[in-house]
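Undergrad: Residue numbers (mature numbering (1 follows the signal peptide of the UniProt record, and there is no 0)): -16 to -1, 1 to 287.
We put the CB at the ideal spot given by N, CA and C, even for glycine.
Just so it is clear, the structure is predicted and the values come from calculations on it, not from any experiment.
To start, I am sharing the structure in question, which I have written as structure tokens.
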């Protein structure tokens, strides 16, 4: 199935000239269907089973915080991130698995970031990000405190780890506690308050999301329309359906919007445990693949 779905994309990327690829998830949107997009990053996790994702594309966040930054990753989460194969590895199906583990009362998991920090929409252009992701389908009663996410941070955050939310954060997919809703959110400006109503952010409020099956999660930065920065748009998609759209006018601050929609970003994948949003795991929370994340591919396209 994976090879069938990605055959055209992989073939195009292998060619000598820049490839023109239409991300599959946007095919149901007539406006986006007209986009002429170039693939600039595609990770299909084709390494040997049991190995780590390529260090050319990914770096690991390890421990319980960034160096010199807020403890527990600034969210109150309680896991220790590792690069152990028990927490993260390429599967025999050429997918990436991130698996929370509980041993002697302590949780471990994994969090990775793209090495590249240059994903951005040029003036007058577009940026499209897409991932095909499956989340564990253990009963919600067994997933208290489990918090998987696919997201991005502004490149100014790397190495300046107290630069949140000014650096901006795009949350493409978050779920908590095994729930049946997916949350998509923009964080920006200052906290608390500010143009993005921090620490809450501006978001979808949750949309129905089924577990145990793959979903295509997409995100578009669109700077192509005529007008000013206030007309530029961020849009979130689930399986080709637009679920959230935010304009520069909605944010209201030009300098904040430029950090959000003009500046470069990098991508992250992780499964956190605990934190101020989901709450702590309890005695019923289980570990293993049925509370983890599986990723088929991650891609980035631009005009």
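Let me check one thing: in DSSP terms, what residues is residue 133 bridge-paired to?
TA: Answer is 158 and 254.
Undergrad: Within 10 angstroms of its Cβ, does residue 46 collect 16 or more other Cβ (buried), or is it exposed?
TA: Burial call: exposed.
Undergrad: Note down, in chain order, each residue of its chain lying with its Cβ closer than 6 Å to the Cβ of residue 251, except the 5 sequence neighbours on either side.
TA: 98 and 136
Undergrad: Pull up the distance between the alpha-carbon of residue 175 and that of residue 32, whole angstroms please.
TA: 43 Å
Undergrad: Quick check on residue 107: buried or exposed, where buried means 16 or more other Cβ atoms within 10 Å of its Cβ?
TA: exposed
Undergrad: Can you tell me whether DSSP reads residue 128 as helix, strand or coil?
TA: coil
Undergrad: Roughly how many angstroms separate the alpha carbons of residue 7 and residue 238, rounded to a whole number?
TA: Low confidence applies here, because residue 7 scores a pLDDT of 40, under 50, leaving its location unreliable; read the following figure in that light. Computed Cα separation, rounded: 30 Å.
Undergrad: With which residues is residue 277 paired in a DSSP beta bridge?
TA: 82 and 119
Undergrad: Distance, Cα to Cα, residue 130 vs residue 255?
TA: 7 Å
Undergrad: When we look at the beta-carbon of residue 102 and count the other beta-carbons within 10 Å, is it buried (16 or more) or exposed?
TA: exposed
Undergrad: To the nearest angstrom, report how far apart residue 287 and residue 110 are at their CA atoms.
TA: Spanning the two alpha carbons is a distance of roughly 6 Å.
Undergrad: Are the Cβ atoms of residue 29 and residue 72 separated by less than 7 Å?
TA: No, the pair does not count as a contact, with Cβ atoms beyond the cut-off.
Undergrad: Look at residue 83 and residue 259 and say whether their C-beta atoms are less than 7 Å apart.
TA: no
Undergrad: Under the rule that 16 or more other beta-carbon atoms within 10 Å means buried, what is residue 126, buried or exposed?
TA: Residue 126 is buried by the Cβ-count criterion.
Undergrad: Would the segment 112 to 121 count as touching the segment 192 to 205 if we require 3 or more Cβ pairs under 8 Å?
TA: These segments touch.
Undergrad: Between the C-alpha atoms of residue 212 and residue 178, what's the straight-line distance to the nearest angstrom?
TA: 21 Å
Undergrad: What runs of the beta strand (DSSP E), each 3 residues or longer, lie entirely inside the segment 156 to 224?
TA: Runs of the beta strand (DSSP E) lying entirely within the segment 156 to 224 and spanning at least 3 residues, in chain order: 165 to 171, 199 to 206 and 217 to 222.
Undergrad: Drop a sphere of 10 angstroms on the beta-carbon of residue 173, count the other beta-carbons inside from all chains shown, and report buried for 16 or more, exposed for fewer.
TA: buried
Undergrad: For the 8 Å Cβ check, are there 3 or more pairs between the segment 162 to 171 and the segment 182 to 189?
TA: Contact annotation: the segment 162 to 171 touches the segment 182 to 189, with at least three C-beta pairs closer than 8 Å.
Undergrad: What do you reckon, are the CB atoms on residue 34 and residue 69 nearer than 7 Å?
TA: yes
Undergrad: May I ask which residues mark the beginning and end of the alpha helix (DSSP H) holding residue 240?
TA: 238 to 241
Undergrad: Is the Cβ-Cβ distance between residue 66 and residue 92 less than 7 Å?
TA: yes
Undergrad: Using the rule of at least 16 other Cβ atoms within 10 Å of the residue's Cβ for burial, across every protein chain shown, is residue 245 buried or exposed?
TA: By the neighbour-count rule (16 or more Cβ atoms within 10 Å), residue 245 is buried.
Undergrad: Roughly how many angstroms separate the alpha carbons of residue 227 and residue 257, rounded to a whole number?
TA: 26 Å
Undergrad: Do residue 284 and residue 96 have their C-beta atoms within less than 7 Å of each other?
TA: no
Undergrad: Apply the 10 Å Cβ neighbour rule to residue 94 and answer buried if 16 or more other Cβ atoms are within range, or exposed otherwise.
TA: buried
Undergrad: If you reduce the DSSP assignment to three classes, tell me which class residue 58 lands in.
TA: helix
Undergrad: Check the C-beta distance from residue 139 over to residue 248 and give it rounded, since I have them as a contact under 8 Å.
TA: 4 Å
Undergrad: Among residues of its own chain, excluding the 5 on either side of residue 55, which ones have a beta-carbon nearer than 6 Å to its beta-carbon?
TA: 49
Undergrad: Under the three-state reduction of DSSP, which class applies to residue 248: helix, strand or coil?
TA: coil
Undergrad: Following the continuous beta strand (DSSP E) through residue 73, name the residue where it begins and the one where it ends.
TA: 72 to 74
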